[in-house]
Amino acid sequence: MASWTARDIPDLTGTHAVVTGANSGLGVPTALELTRHGASVVMAARDPAKGRAAVREVRERVPGAEVEYGRLDLADLGSVREFADSVTRPLGILVNNAGIAVSARRRTTADGFELLFGVNHLGHFALTGLLLPRLLAHPGARVVTVSSDQHAAGRIDFDDLGMERSYAATRAYARSKLANLMFALELNRRAEAAGADLRSLATHPGFTATNIARVGPLTRPLAALLRLIAQPTEVGALTSLYAATSPDAHGGDFIGPGLRPLQPSPRAYDPEAARRLWQVSADLTGVSFPALTPH
Ligand SMILES: NC(=O)c1ccc[n+]([C@@H]2O[C@H](COP(=O)([O-])OP(=O)(O)OC[C@H]3O[C@@H](n4cnc5c(N)ncnc54)[C@H](OP(=O)(O)O)[C@@H]3O)[C@@H](O)[C@H]2O)c1
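Each position in the sequence shown, counted from 1, maps to that position plus 171 in the numbering used here.
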């Protein structure tokens, strides 16, 4: 599918979409192209000034765009709930794109979760669960969760989910991206088992020039160098756009650069671990997915 481009996105008139982390990096072209093809899009971002600036940019580039800003801080379950409550229409596309990759020291969310696990995984788990009734109200809805090839290095120690015993930024990121992929695959399994008209897919956009590697003044020259060799955001975003819209993208797919299917690592495929992660995530966030829970 290497020849698929944003021009191949079908007409999305009548489809409502939410993109998280839509003010920066991959989120901007993802929201922009969905809008350009007729979707009404909520660009979710934690910072109102940055979110509104991104909405203005899309409106300038897509005349007549149906696009609005929604405040969403994934590091705060209260904000996740408020945002989910604001989505009142049937939802055809949810792109769980927002992410944080670097925190040199261990930090926590407003609810006390290790920051990267809390934002990248638990925030999106809760958001998806809270939006599930809206997703099920749109036939053929899709949830796209942005993971990474880094998931392969991830390990989930259920006895130390807070990483209080041992913290390292790279391990925290790999773990969160493994959780993203396990969640996406488990969501699809549950949707299939429940006979729900919902597809869940995961993506790895490939090495893309975004703001994700911001880590402080010492590494700025390195970050600048990396940006030179990375692909542009418009190319990286094709993975999410393909997963969200192509008739050839199937539930449970893990789509990588060049829109090639990627093989999840054995740990990402472990259904027992995925069930355990799901249950722990539901317990921690207080969000369950009743429509997809086996009785
Ligand atoms: N770039 C790559 O090479 C690469 C490779 C593999 C996977 N990915 C994945 O791609 C996704 C998008 O990242 P990107 O590369 O486009 O990086 P980016 O430019 O840094 O964008 C990340 C977005 O996530 C938002 N975000 C961070 N913390 C948040 C929070 N607490 N609540 C809500 N939003 C929050 C950021 O908001 P602020 O602007 O306010 O910080 C920003 O909008 C991430 O999931 C990342 O793991 C990227």
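Every residue, glycine too, gets a C-beta built ideally from N, C-alpha and C.
- Taking L397 as reference, the option from V406, T404, G407 and A384 with the minimal CA-CA separation is A384.
- One alpha carbon belongs to T259, the other to P392, and they sit about 44 angstroms apart.
- Within the model, the alpha-carbon separation for L448 versus R360 is close to 14 angstroms.
- Judged by DSSP secondary structure, R223 falls within the alpha helix (DSSP H) whose first and last residues are P219 to R232.
- Secondary structure in the segment 246-297: the alpha helix (DSSP H) runs of 4 residues or longer, each lying completely within the stretch, are 248-257 in chain order.
- A direct Cα-to-Cα measurement between L205 and G192 gives close to 15 angstroms.
- Relative to ligand 1, the beta carbon of Q321 is positioned inside 8 angstroms of a heavy atom.
- Collapsing the DSSP output to three states places Y240 in a strand.
- When the alpha-carbon of V251 is set against those of S337, T464 and V290, the nearest one is in V290.
- Taking the C-beta atoms as reference points, V189 is found nearer than 9 angstroms to V266.
- With three or more CB-CB distances shorter than 8 angstroms, the segment 320-340 counts as touching the segment 283-302.
- In the three-state scheme derived from DSSP, where H, G and I count as helix and E and B as strand, V315 is classed as strand.
- Note that the segment 401-417 does not touch the segment 320-334; fewer than 3 beta-carbon pairs, one per stretch, sit closer than 8 angstroms.
- DSSP, reduced to helix, strand and coil, places R438 within a helical segment of the structure shown.
- Of the heavy atoms belonging to ligand 1, at least one sits nearer than 8 angstroms to the Cβ of T379.
- With respect to the C-alpha of R305, the residue from D218, D368 and D441 having the closest C-alpha is D368.
- Taking C-beta atoms under 8 angstroms as the contact rule, A224 and M353 fail to qualify, at a distance of about 34 angstroms.
- Counting only runs of 3+ residues, the beta strand (DSSP E) found wholly inside the segment 337-406 occupies 369-374, in chain order.
- Distance from the Cα of S452 is smallest, within the candidate group R232, H292, E231 and D247, for H292.
- Straight-line spacing of the CA atoms in G270 and T299 works out to 15 angstroms.
- Of all alpha-carbon atoms in L358, D218 and Y344, the one lying nearest the alpha-carbon of Q450 is that of L358.
- Secondary structure at H187: strand, using DSSP grouped into helix, strand and coil.
- Following the DSSP letters along the chain, one finds S211 inside the beta strand (DSSP E) bounded by residues S211 to A216.
- Distance from the C-beta of D441 to the nearest heavy atom of ligand 1 is not below 8 angstroms.
- Short of 7 angstroms from the beta carbon of S257, and not among the five residues preceding or following it, lie these beta carbons of its own chain, in chain order: G241.
- By the Cβ criterion, the segment 417-433 is not in contact with the segment 224-233, since fewer than three pairs of Cβ atoms, one from each stretch, lie closer than 8 angstroms.
- DSSP, reduced to helix, strand and coil, places P432 within a strand of the structure shown.
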